[in-house]
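Structure record follows, encoded as structure tokens.
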Amino acid sequence: MVAGKTTDIQKVKFKILYQILITMCLIALIPLGGLWYISIYKSKQEWTANIFQNLVGNTESLSRSVDDWTSMNLRLLQQNGASPAILGMEVKEQDPVLKSITDTYEWIYLAFTILPDGQNLGRSDGKPQTFYGDREYFQQVLGGKPIGQQVLMGKTSGKPAFILAKPIKAEGAKNLGVIAIAMTLEDLSKTITKTKIGETGFAILLDDKNRLIAHGKGAVASELQDFSTHPALQQRNRFDHDSFIFVEEGKKIVAYTQKTQLGWTLIVQQDYREAYVAADEAQRNAVLLLVVTLATVMLIAFLLASRLSTPIRNLTVIADEISRGNLGAKIKETGRSDEIGALARAIERMGVSLQMAFERLRKR
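So our numbering is basically just the index in the sequence shown, starting at one, shifted up by 7.
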């Protein structure tokens, strides 16, 4: 019988204490968890936007450098191609002008002109004339394009070289031929290779056929490597905050691409881990703060729940004792000024009333 009573009290004890505890935790944690989730989510979004803008800014800056370099060389061709010496299409007049170009601009190692039939006319290096009719840049200009271009591996240097060509013609006249310059890309490559973003970020420059010109992570191979399979090239036209993260050789990267004036492609990329290291650290700190807050809330909730449930359990025991005839049980909670104190005083009055009733019955 006593065991049954103890079990009943234990059940009540469990229900009161833990229901109050769970209720208080939920009341505290639901808004806290919501605020934490919103702050972490917003922080991640803001950090992602910053990473994206940083990639865009670096890519646009490099693209402007490449375009400025291109514009300078195009102006050089335009000015010299329109000079009377070049328009005269005489070797003796052209050679000094072409040599002055290579003497003035150190990155240009050959300046030359080509007749419409593809035969070389003037040369800056004084070497024998060569047939250029099968060259891509020549065919582009003869086909009507305002600019002819071709990236190839230099036979002497073993490094990428660039041929830039424009038509030779007076205003309103027919095409008299082609003027072209052959350039090393070392200065341009230095601009690309010196670009660093953190420890792992770098830039890549590809030609109009997605062949490697310069790579920020090392020397270019002795042949023009095809980079068409680079993951960032697969969605060049739909970059935004949600589509600049890729997987390259099993590793996550962030990357952005942009076309230059010549149709070349600039890629700026960085390891995902490094790009998001500050965001991940902030998230870890937020999780740690949440855990500490949860522990604090649960401790406070437990103490408050105990403060509420303990006197209720005591009153339950006393009420049970009174029901069994122990009318002299002392109630400690009568001094409280809250609802529990009112309940304790009511039980005390009930005990006194029962005691007085039993006294009257005995006197009869």
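Built from N, CA and C at the ideal position, the CB exists for glycine as well.
Could you give the DSSP three-state label for residue i: helix, strand or coil?
i, result
"F21", "A caution first: F21 carries a pLDDT of 49, below 50, which makes its placement in the model too unreliable to give a value."
"L306", "helix"
"T191", "strand"
"T198", "helix"
"Q232", "coil"
"G208", "strand"
"T120", "strand"
"I274", "strand"
"I338", "coil"
"E355", "helix"
Among the options, which one has its Cα closest to the Cα of residue i?
i, options, result
"A189", "K197, K173, G179 and V299", "K173"
"L269", "F234, W76, I47 and A262", "W76"
"I115", "L171, G125 and V98", "L171"
"N61", "I274, A289, M363 and S313", "I274"
"L84", "S196, Y112 and R71", "Y112"
"E206", "D278, M357 and T55", "D278"
"V98", "E53, K134, K162 and M79", "K134"
Please go through the same chain and pick out, in chain order, the residues whose beta-carbon is closer than 6 Å to the beta-carbon of residue i, but skip the five residues on each side of it.
i, result
"I347", "P318 and E340"
"T4", "Because the chain spans 8 through 371 in this model, residue 4 falls outside it and cannot be assessed."
"L105", "A118, G129 and S131"
Below 8 Å on the Cβ atoms is my guess for residue i versus residue j; work out the distance and round it to an integer in Å.
i, j, result
"G208", "Q276", "7 Å"
"C32", "A293", "Rounded, the Cβ-Cβ distance is 20 Å, inconsistent with contact."
For residue i, collect the residues of the same chain with a Cβ closer than 8 Å to its Cβ; drop the 5 residues on either side in sequence, then sort them by chain order.
i, result
"I354", "L322, I325, A326, I329 and I338"
"V254", "P238 and I260"
"Q126", "Q136, F138, Y139 and G140"
"K12", "Reliability of the predicted coordinates at K12 is poor, the pLDDT of 47 falling under 50, and the value obtained from them is presented with this limitation in mind. Around K12: D327."
"S90", "V104"
Going by the DSSP bridge assignment, what does residue i pair with across the sheet?
i, result
"L219", "L213"
"G184", "I175"
"V158", "F169"
"R369", "DSSP, once it has assigned bridges, lists no residue as partnering R369."
"Q26", "Partner(s): none; Q26 has no beta bridge."
"E255", "K258"
"F138", "Q126"
"K266", "T272"
"I115", "M190"
Excluding the five sequence neighbours on either side, which residues of its own chain have a C-beta within less than 7 Å of the C-beta of residue i, listed in chain order?
i, result
"L297", "W43"
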